[in-house]
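Colleague:
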Amino acid sequence: MSDPKCKICRRAGEKLFLKGAKCFTPKCTFERKPSPPGKPLSERKHRTNITEYGVQLKEKQKIRNVYGVSEKQFSRYVKEATSEKGASPVAKLYEKLERRLDNVVFRMGLAQSRAHARQMVSHGHIMVGKHKLTIPSFQVSEGDTLRIREGSKSSPLFTEAEKKLNDAKSPAWMTIDAAKGEIKIVGTPKNDKSEVGFNWQTVIEFYSR
0 MSDPKCKICR RAGEKLFLKG AKCFTPKCTF ERKPSPPGKP LSERKHRTNI
50 TEYGVQLKEK QKIRNVYGVS EKQFSRYVKE ATSEKGASPV AKLYEKLERR
100 LDNVVFRMGL AQSRAHARQM VSHGHIMVGK HKLTIPSFQV SEGDTLRIRE
150 GSKSSPLFTE AEKKLNDAKS PAWMTIDAAK GEIKIVGTPK NDKSEVGFNW
200 QTVIEFYSR
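Under numbering that gives the first Met the number 0, the residues of the sequence shown are numbered 0 to 208, in order.
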């Protein structure tokens, strides 16, 4: 039985790395079966060209699935991003998604995937400043310091935490102190085109219909 996350990648037509390190192994379902779920194209009675709406919908679903947010959350982020005066909607949408606490934990290198990071946050393993937060959607701010909760450091989840933090390829808007086991938010997330390619403008247009 195919993993639901693998089906998402097959439907998107590309690897979205939703399962972290497992996506780089020969067992990756997408490597063996990259075609969309359902009947092969050769067996389908009707072939239709993808409309502009279809392209926009597919891109929206791709970004939403990569960050692991619900449709309600995602549409709210887009609405907030497009309502801010003097700001680029694309830049603001990217910033809101990147500032999510679960995404930051993923960026720290502690979790294999954003879903894994979401579990860490939900189970109360992460501190922001002096507070234990269990809300994955919490928006971090410049100046915030994140670290593993003291009582969680003995958990198998954080085996070799210092090494993971040292090896993490963190973005420029955060600094990592592996010895202390913490990171600090020092700037604003900027869209990095070297990652999974997203057409952010297409998503803004989808919600502008």
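All C-beta atoms in this analysis are idealised placements derived from N, C-alpha and C, irrespective of residue type, glycine included.
Please read these numbers as outputs of a predicted model, since none were measured by experiment.
Could you check where the alpha helix (DSSP H) with Asp101 kicks off and where it finishes?
Modeller: Note, Asp101: alpha helix (DSSP H), Leu100 to Met107.
Colleague: For the beta strand (DSSP E) that Ile175 lies in, which residues bound it at each end?
Modeller: Counting along the chain, the beta strand (DSSP E) containing Ile175 begins and ends at Met173 to Asp176.
Colleague: For Phe137 and Ile184, I'd like the C-alpha separation in whole angstroms.
Modeller: Taking the straight line joining both Cα atoms gives about 14 Å.
Colleague: Secondary structure at His115, three-state DSSP: helix, strand or coil?
Modeller: Correct three-state label for His115: helix.
Colleague: Quick one: what does DSSP say Ile184 is sitting in, helix, strand or coil?
Modeller: Reduced to three states, the DSSP call for Ile184 is strand.
Colleague: Here's a check: name, in chain order, each residue in its chain whose Cβ is nearer than 6 Å to the Cβ of Phe73, leaving out the five neighbours to either side.
Modeller: Answer for Phe73: Arg63, listed in chain order.
Colleague: When the Cα atoms are used, what is the spatial distance from Ile182 to Lys59?
Modeller: The alpha-carbon atoms of Ile182 and Lys59 are separated by roughly 30 Å.
Colleague: Alpha carbon to alpha carbon, how far is Glu94 from Glu83? Give it in angstroms, no decimals.
Modeller: Each residue's Cα considered, the two are about 13 Å apart.
Colleague: What does a CB cutoff of less than 7 Å around Gln200 pick up in its chain, not counting 5 residues either side in sequence?
Modeller: Closer than 7 Å at the Cβ level, and outside the excluded window around Gln200, lie Val89.
Colleague: Which residue's Cα is closest to the Cα of Ile147: Lys168, Ala110 and Asp166?
Modeller: Ranking the options by Cα distance to Ile147, first place goes to Ala110.
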